[in-house]
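Engineer: One line per chain: the protein sequences are A and B, in this order. The numbering used here applies: residue 6 is where the first sequence begins, and numbers increase by one. The numbering used here applies: residue 4 is where the second sequence begins, and numbers increase by one.
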Amino acid sequence: MGEEVKLFRSWSSPFALRIVWALEIKGIEYEAVFEDLSNKSPLLLQYNPVHKKVPILVHNGRPIAESFVILEYIDETWKQVPLLPEDPYERAMARFWAKFCDDKVLTSIWSAFIKQGKEQEEALVAAAENLKFLEKEMKGKKFFGGERIGYVDIVLGWLANLVSIFEEIVGLKIVDERKFPLLYSWMQDFAEAPIIRDNCPPRDKMIVKFKALLDAAIASSSSSSK
Amino acid sequence: MLLGFWFSPFVKRVEWALKFKGIEYDYVEEDLTNKSTLLLTSNPIHKKVPVLLHNGKPIAESLVIIEYIDETWKRNPILPQDPYERAMARFWANFIEQKVTKSTKEALVSQGEQQEKKVKELKEAMDVVEGEAKAKLNDKTLFFGGGNGVGYVDIVLGWTCNWMETIEEVGGFKVLDPESQPQFHKWMANFREVPFIKPTMEPKEKLVEFFRMLRQDRLGLVANK
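#1: Using a Cβ cut-off of 8 Å (strictly closer), state whether E81/A contacts chain B.
#2: Check whether the Cβ of F147/B lies closer than 8 Å to any Cβ atom in chain A.
#3: Within the continuous alpha helix (DSSP H) that includes G7/B, where are the two ends?
#4: CB P53/B to CB L111/B, shorter than 8 Å?
#5: When the distance is taken between beta carbons, is F118/A closer than 8 Å to V175/A?
#6: Quick one: give me the first and last residue of the alpha helix (DSSP H) that E205/B is part of.
#7: Using the Cα positions of P80/B and E18/B, report the straight-line distance between them to the nearest angstrom.
#8: Restricting to runs no shorter than 3 residues, where is the beta strand (DSSP E) found entirely within the segment 85 to 152 of chain B?
#9: Flag this pair as touching only if the segment 193 to 204 of chain A and the segment 52 to 68 of chain A have three or more C-beta atom pairs under 8 Å; answer yes or no.
#10: Roughly how many whole angstroms lie between the Cα atoms of H57/B and L76/A?
#11: Of the residues G7/B, G59/B, F23/B, I26/B, which one's Cα is nearest the Cα of N37/B?
#12: Out of L188/A, K109/A, A217/A, which has the shortest C-alpha to C-alpha gap to K146/A?
#13: State yes or no: is the C-beta of F149/A within less than 8 Å of the C-beta of W102/A?
#14: When burial is assigned at 16 or more other CB atoms within 10 Å of the CB, is V213/A buried or exposed?
#15: Tell me the start and end of each unbroken alpha helix (DSSP H) in the segment 125 to 152 of chain A that is at least 4 residues and wholly inside, in chain order.
#16: At the level of alpha carbons, what is the spacing between P87/A and I79/A?
#17: Is R67/A helix, strand or coil when you go by DSSP?
#18: What does E64/B touch in chain A if you count any residue whose Cβ is under 9 Å from its own?
#19: Less than 7 Å between C-beta atoms, sequence neighbours within five positions excluded: which residues of the same chain meet that for I33/A?
#20: Which word fits F39/A, buried or exposed, when buried means at least 16 other C-beta atoms lie within 10 angstroms of its C-beta?
#21: Counting only Cβ pairs nearer than 9 Å, list the residues of chain B close to V130/A.
#22: When the Cα of D34/B is compared with those of L21/B, A20/B, K50/B, W190/B, which residue comes out closest?
#23: By the 10 Å Cβ neighbour count, where 16 or more other Cβ atoms means buried, how is V153/B classified, buried or exposed?
#24: Quick check: what's the CA-CA separation for G151/A versus M192/A?
#25: In chain A, which residues lie less than 8 Å from V131/B when you measure between Cβ atoms?
#26: Which runs of the alpha helix (DSSP H) spanning at least 4 residues fall entirely within the segment 22 to 106 of chain A, listed in chain order?
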């Protein structure tokens, strides 16, 4: 058929990882192009001139950027193992939750990790409120997609491996097993799913990377408050 | 049923999508200061409009609603059929939301250095929009949807036609510039004239009055003691 699928990614980008998982789950053959984001290749800049970011999916020479956009394209182009539900209302719900995950959950948990003092406290409160909504939405399902991993699981997947890394670095509990039992067990089930487990960046490398990011953030905030 | 505010560009988008497809709907005007039980139970997470209720089932978030409308009522498609073209439409919709809509909102409710920063970001985003308009539009292709028909990107960007000038006036900044954005201004002129869109444009004075109040409220300014 002459399909050519390339994925521009970095070793750690959680957004690119979403696409890795989607391609692997659907059994799509692809070539991974690893970018050094501190030294972006001319090809990356050519394929995503607007944002200059990963992930970028290039299918038969045509580039697509933005992880949500790429996920929907993949689901519409390769019909096996659907990621989004078939029913329009269920699809709308999946898209709603995906947006909530990025706009609210990711933002608040990132702030809880990277900020200090009062800002961190406020972020933790916001994160807990957002997680409560997710906990409720789980309502007895194994995954947000139902019996198997779907669109929302892939979008939220960063929670399953990044949160424990954040918690280890800052010494704070962000997703408390007692407060969010369903979400906590989702995190275990997701992380242990073979495709996810085999496609996760090395934990020790991630700890080094995020510790460095946090140190840099602390340094710049303390120097600006002088 | 559509729950909305008259002044909300997000609600207007959904109305444009419904009208484009000739879908009949009941419009319920919500009170910002006294949200209805229906709104609070239909959108408990965000408590915002627009909310579309179809056969009693609620959907929130304007772009999610528009995709739902497109998938449920097949006539007059809003998104293209081809998966790659759909991806491009979604990409641009996302860009507009992240860079144009968000920055405009932030410029409206900020001042001084903060506002200057947002206005700069907004100007850069508008340059990208002008670039895309230059690339895609011409005398035969009036809209991003292709040809003479509006599509997803037009509907998502459409709020700029009515609200951008209002917000500029209220916020005290200038981003629209016919000289450096000729294609965009042509697109705005064409969009405003689309028969089902023209009658929906709220009068500028009414919008200015409302958004002025909103800005003062957000900035904690007191209008008159």
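Every residue, glycine too, gets a C-beta built ideally from N, C-alpha and C.
Structural biologist: Reading it off the structure:
#1: yes
#2: no
#3: Run containing G7/B: none in the alpha helix (DSSP H); it sits in the beta strand (DSSP E), 5 to 7.
#4: Judged by beta-carbon spacing, L111/B lies beyond the 8 Å limit of P53/B, meaning their Cβ atoms are not closer than that value.
#5: yes
#6: No alpha helix (DSSP H) contains E205/B, which DSSP labels as neither H nor E.
#7: Rounded to whole angstroms, P80/B to E18/B spans 15 Å at the Cα level.
#8: none
#9: Contact between the segment 193 to 204 of chain A and the segment 52 to 68 of chain A is absent, because fewer than three Cβ pairs lie under 8 Å.
#10: 26 Å
#11: Checked all of G7/B, G59/B, F23/B, I26/B; the closest Cα to N37/B is G7/B.
#12: L188/A
#13: yes
#14: exposed
#15: For the segment 125 to 152 of chain A, not one full-length alpha helix (DSSP H) segment reaches 4 residues or more.
#16: 9 Å
#17: Of the three classes helix, strand and coil, the one that applies to R67/A here is strand, per DSSP.
#18: A97, R100, F101, K104, F105
#19: Here the set comprises V10, W83.
#20: exposed
#21: By Cβ distance, chain B contributes nothing, its closest Cβ being about 16 Å from V130/A, past 9 Å.
#22: Closest in C-alpha terms to D34/B, from the list L21/B, A20/B, K50/B, W190/B, comes K50/B.
#23: Result: buried.
#24: 14 Å
#25: V55
#26: DSSP runs (the alpha helix (DSSP H)) wholly in the segment 22 to 106 of chain A: 47 to 52, 72 to 82, 93 to 105.
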